[in-house]
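Read top to bottom, the protein sequences are chains A, B, C and D. Just so we're aligned, residue 8 is where the first sequence starts under the numbering used here, counting upward by one. Just so we're aligned, residue 8 is where the second sequence starts under the numbering used here, counting upward by one. Just so we're aligned, residue 8 is where the third sequence starts under the numbering used here, counting upward by one. Just so we're aligned, residue 8 is where the fourth sequence starts under the numbering used here, counting upward by one. Contents: one structure, followed by commentary.
There are 4 protein chains.
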Amino acid sequence: MIVVMKPKASLEEINKIKAKIISLGCEIHESNGANYSLLGLVGDTSRIDAHLLQANDSVEKVIIVQEPYKKANRLFHPENSEIIVGDRSIGGKKLSIMAGPCSVETEEQIMTIAKDVQASGATFLRGGAFKPRTSPYSFQGLEKHGLELLKMAKKETGLPIVTEIMSTSHIDDFVEDVDVIQVGARNMQNFDLLKALGKTNKPILLKRGLSSTIEELLMSAEYIMAGGNENVILCERGIRTFEKYTRNTLDLSAIPAIKKLSHLPVIVDPSHAAGLWWMVEPLAKAAVAVGADGLIVEVHNDPANAWCDGNQSITPERFNNLMKKLSVIAEVEDREI
Amino acid sequence: MIVVMKPKASLEEINKIKAKIISLGCEIHESNGANYSLLGLVGDTSRIDAHLLQANDSVEKVIIVQEPYKKANRLFHPENSEIIVGDRSIGGKKLSIMAGPCSVETEEQIMTIAKDVQASGATFLRGGAFKPRTSPYSFQGLEKHGLELLKMAKKETGLPIVTEIMSTSHIDDFVEDVDVIQVGARNMQNFDLLKALGKTNKPILLKRGLSSTIEELLMSAEYIMAGGNENVILCERGIRTFEKYTRNTLDLSAIPAIKKLSHLPVIVDPSHAAGLWWMVEPLAKAAVAVGADGLIVEVHNDPANAWCDGNQSITPERFNNLMKKLSVIAEVEDREI
Amino acid sequence: MIVVMKPKASLEEINKIKAKIISLGCEIHESNGANYSLLGLVGDTSRIDAHLLQANDSVEKVIIVQEPYKKANRLFHPENSEIIVGDRSIGGKKLSIMAGPCSVETEEQIMTIAKDVQASGATFLRGGAFKPRTSPYSFQGLEKHGLELLKMAKKETGLPIVTEIMSTSHIDDFVEDVDVIQVGARNMQNFDLLKALGKTNKPILLKRGLSSTIEELLMSAEYIMAGGNENVILCERGIRTFEKYTRNTLDLSAIPAIKKLSHLPVIVDPSHAAGLWWMVEPLAKAAVAVGADGLIVEVHNDPANAWCDGNQSITPERFNNLMKKLSVIAEVEDREI
Amino acid sequence: MIVVMKPKASLEEINKIKAKIISLGCEIHESNGANYSLLGLVGDTSRIDAHLLQANDSVEKVIIVQEPYKKANRLFHPENSEIIVGDRSIGGKKLSIMAGPCSVETEEQIMTIAKDVQASGATFLRGGAFKPRTSPYSFQGLEKHGLELLKMAKKETGLPIVTEIMSTSHIDDFVEDVDVIQVGARNMQNFDLLKALGKTNKPILLKRGLSSTIEELLMSAEYIMAGGNENVILCERGIRTFEKYTRNTLDLSAIPAIKKLSHLPVIVDPSHAAGLWWMVEPLAKAAVAVGADGLIVEVHNDPANAWCDGNQSITPERFNNLMKKLSVIAEVEDREI
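Right, dumping it as structure tokens:
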């Protein structure tokens, strides 16, 4: 951390800031330029709140040099992490492909789709039981009954279940029934939920918020990890920009960025990113080419009659075709489907 | 709602979509242009999910004409709403000025500040007890003890309390202790929390999410109102943009926009918008000039030693001076401080 | 400028970077933290390209401490600048109000509007002769004939003319006919145009680009000033964000920010910001309250039949009414209309 | 185009708008819902300015159904366009790979790089002679001498030249010396430049502006095409968002979007998008996987000493390695390198 003093800061003011830095347990390296004095903090700055220093009148700005996350930081954990889910691993050579409907609707629906995606090579079954919807008048999910149907599909196919949690009050059910607990984009900074999940030992799929920076995503992972649960998988699903042709703008640069900054695995959700089924295939291919550890894709056997988000779901036939193409691209990356 | 069929949609496909529209309880007005056929839906479209129609291959796009919110919509409620809090009203001629520290720290701190802001004309006391922080290593608030200190300050000054809730598990405490329950920007789409608050009868201060559109803010208000609680106050607090000189970009255009679209009162938070104490004064004046129903402002007696966000807090002296200027601007708007 | 070396940079690599810094004419202050080595550059860094250093494998990142603009920087020019235009001044106690139609259409139109806005207290006449339009099929302006009509209106009313230049090929005409030459948002980084205008001595009204940071706006001012023309007036006119209710999002925080960073005057364009005539009044009031040095407002005698942008123009009656309100707010700021 | 009348619009007001629509040469399809009356315009609406109608008090909003571009529109030109450059074609089965330095620096530099990229399979040589730089104090390019050096490199290698034009005053030189004239992101809406290029018959590489929508990019292509020059190649190079880890956010969704909306070829610039050399490889692979018609990549033999943008340039060795991987991915798309 570097404190840039105002050009007109007096020696007295500079000494006041220096005393504060020392009281925070850091040493100081001072450097005086033509217009600015710089005070460099040497020591463990990860728990120091930059605002504490910035709130002084004599301080021009505070520059943060080291990333504010530790457990998620590749600097302190150079090897890639693999997250183990039963007999599968997320973040290893084999890509993790999570596929299934936006919402669980009926036993027949989820069974059909689960078998179809498994046959095409999916390694996890996704499906929403509790649904975050912009409108209170939209279908809100089958809730607990949805979890039951997912468990039936898992029993039939062996596919581990990925599904979204919306509230701390459901944690016990999720820990019992679900293999990977998803935190949706809108809850990425629901810190009470993150803290509660940090106390479980379940793999957590943490989706990037619509307007969250990569650093904020890693700070939310840090919340879970600081609680004791290091089984975090990150997910890029599009960010909000001025461009409205697609629902969100898929930020594929985030994949190599996260790979550089963190050791955690990261997957891509091409369905929510674009919100357009005909874009899922090209974006999925691009995600594998850019180095993602997997995908989460919406697949529905009858998109035109889906209870939600039919417009971004692909059919099992298209999914099957897509998987074949992905396996060629995966090889270029020395990965496999 | 208008369905635009693809240029090459066949008569059979058009008839299929027409049948679907009729099954949803709407009449159809058809209009054929040079390149596109349009199907207009006439009837109550507020509960129809546009994606249901869009997921058909023959549909080019679906255009929504009417706003998807009803209870928050000025169209069905032309008069301004006033929210009553004890002997005060939010949304009436007198502006609501909520002032106080970012976090409640000590009894002495909250008492001092409460008396100071009251003396300057503040009408509500703000102060955080449960704090949403980006880093798990930052101060997380005094929690329940913070609520106790706020109640002491209320007892002393008579100022009603505004403070933020972060989880459904605290609702009982908040209903008992707090006068206005704040939902923070990061929880604007925490739908479980919104639903739970909809079942109380407490005034809710709903802050706009960092990347939420005005329409989404009104849809979140609709969640609370649909549950039965129509006491919603909206708050603009800056949105996330590419400009990084300020923490967020205060969107003051949102005030006249919300006034046009909705009957609910709307206030402005200049402290979180800029994240810079020296911008609070100009932005507060602009907020009153643009027609806001009030302000929520961070005031701290010792910003350089505040436990959080000192950099965006103004001193009681500056607050006092600001209030005098605001009262002149309020008059131009036929309002009063 | 501070160079942050990679955690694993070898002594040899660090020495290589040090040698490069010295070759650029700077001294080095070195500081070694737990994980990073920092090399601080002391000396004139304004002409050093940070990328030159960043392109080295051993460099983690380069942090810029001092603003890259000099002539526009308040640090080296603490007093506010006033730009003199004939007998008027922009940036002084009296606010500059530039009003008139989007496009010059006919002699009668421009004469009528010019007289109306003058009667209400406008101090400059704005009007487009060369029009940047998104579509090649839209009205492109009266061009040279438009300049002639503006001159007639100036002769009649005495109002100096503000109008937009789109190409270096028109500079001679503009220098002769126009009092303040406007550079539109889309040309803010048309560097050839900026350089050419730097060689004139005309006041330049430089509008912020739709996606330009405050720093980039000041760098574009620097282009003009570096050429020898220090008569630059800045203009905030809305930036592009995810919110689509308004055409752009007016960034009023930019006004106090620019006032802090630079000595140049800055005005606000509420018409282009919102793109909605009924928002012009509240945004204009907010702009004066936030501390702008003036406004540029579209006024049309018959908005519903305007040849362009009628939707964002207010009538002379509304403008007259607005001016009265602005004068009260200006007083709060110790300014006058 | 659909005009939505205000809920309280009177019959007289509705009739006034109808008369206006008829005067614009369109027929009307009227549709009355519970709250809104809709007037659909049938006929050629591409030259009608929506603002003309929107500026009426009785109009709630105007919804545009058909895209405002014609010549660039796939609707009227269903087949992909190929742009012929000598013996090469852009937009055909073989991908177009444009490679070379950010700036032309010396004869030796450009010769070395040109031979290297040709040997690796590049099909065009890129290199800047006129450079748009944010700072007036940065290197501005070798200008005309740069064009001479590019011609020498072309003579030696046979690679056609792609380079950026910044001003209408250089058009004659560019038409004579250059094979593909590039319009940079900052000039995408420099309409005078677009009009002038529309009168040449040279292939134009049009880069998307930092904050331009896909529709605006196509409208700028329309400017060139409306002038008579239909040889336009589009380029996605990253848009400006809140995420600052990368210089811009590469919007790869734009590729399938443009392919759907337009028949023009579209390539990707991974170098300017990220601004980080180590991201060029993954983003280039993703661009080919998503369906781009080619790439424009910065390659420099000594990035650490490049005169500009060294931080985003890859070495010839890395480029060579990248080309091999791209050829496998291209095959999945039924394309070739």
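Glycine is no exception: its CB is placed at the ideal position from the N, C-alpha and C atoms.
Interface flag, residue i vs chain A, CB-CB below 8 Å
| i | result |
| --- | --- |
| C:Tyr252 | no |
| D:Ser260 | yes |
| D:Ile104 | no |
| C:Thr141 | no |
| C:Leu7 | Nothing about residue 7 of chain C can be read from this structure; chain C reaches only from 8 to 344. |
Limits of the unbroken beta strand (DSSP E) element including residue i
| i | result |
| --- | --- |
| B:Lys266 | It is not in any beta strand (DSSP E) - B:Lys266 instead sits in the alpha helix (DSSP H) that spans 261-268. |
| B:Glu37 | 34-39 |
| B:Met8 | Careful: B:Met8 lies outside any beta strand (DSSP E) and carries neither H nor E. |
| B:Ile120 | No beta strand (DSSP E) contains B:Ile120, which is instead part of the alpha helix (DSSP H) from 114-127. |
| D:Gly301 | 301-305 |
| D:Gly107 | 103-107 |
| A:Glu171 | 168-172 |
Nearest-angstrom Cα separation, counted from residue j out to residue i
| i | j | result |
| --- | --- | --- |
| C:Gly148 | D:Gly40 | 39 Å |
| D:Pro14 | C:His279 | 26 Å |
| D:Asp64 | A:Leu268 | 54 Å |
| A:Ile120 | A:Asn327 | 12 Å |
| D:Asn42 | C:Ile274 | 40 Å |
| D:Arg54 | C:Tyr144 | 6 Å |
| D:Pro310 | C:Leu59 | 8 Å |
| A:Val187 | A:Val72 | 34 Å |
| B:Leu31 | B:Glu338 | 51 Å |
| D:Lys331 | D:Ile221 | 31 Å |
| B:Ala126 | A:Glu74 | 43 Å |
Minimum C-alpha distance to residue i - residue among the options
| i | options | result |
| --- | --- | --- |
| C:Pro85 | C:Ile91, C:Lys77, C:Leu157 | C:Lys77 |
| C:Ser219 | C:Gly235, C:Leu241, C:Thr207 | C:Leu241 |
| D:Gly165 | D:Gly245, D:Ile55, D:Gly128, D:Glu340 | D:Gly128 |
| D:Leu201 | D:Ser44, D:Leu217, D:Met226, D:Asp186 | D:Met226 |
| D:Ala261 | A:Ile262, A:Ala264, A:Arg254 | A:Arg254 |
| C:Ala57 | D:Arg193, D:Leu18, D:Met12, D:Gln319 | D:Gln319 |
| C:Asn197 | D:Asn194, D:Leu46, D:Leu157 | D:Asn194 |
| D:Thr113 | D:His152, D:Lys251, D:Met105 | D:His152 |
Chain D within 8 Å of residue i, Cβ atoms only
| i | result |
| --- | --- |
| B:Ser38 | yes |
| C:His152 | no |
| B:Tyr43 | yes |
| B:Arg247 | yes |
Cβ-Cβ distance between residue i and residue j below 8 Å
| i | j | result |
| --- | --- | --- |
| A:Ala293 | A:Leu259 | yes |
| A:Ser38 | C:Val66 | no |
| A:Ser88 | A:Pro323 | no |
| B:Leu217 | B:Ile178 | no |
| B:Val169 | B:Phe131 | yes |
| A:Ile336 | A:Trp284 | no |
| A:Pro108 | A:Ala281 | no |
First through last residue of the alpha helix (DSSP H) which encompasses residue i
| i | result |
| --- | --- |
| B:Lys292 | 284-297 |
| D:Ser227 | 221-233 |
| B:Glu183 | 178-184 |
Residue-chain proximity (residue i, chain B), Cβ-Cβ < 8 Å
| i | result |
| --- | --- |
| D:Val66 | no |
| C:Thr220 | yes |
Any chain C beta carbon closer than 8 Å to residue i
| i | result |
| --- | --- |
| D:Gly47 | no |
| D:Ala279 | One point to set straight first is that residue 279 of chain D is His, not Ala, in the sequence displayed. False, the Cβ-Cβ gap to chain C never drops below 8 Å. |
Cβ-heavy atom distance, residue i to the ligand ZN, below 7 Å
| i | result |
| --- | --- |
| B:Val275 | As far as ligands go, the structure on display features none, and thus does not contain the ligand ZN. |
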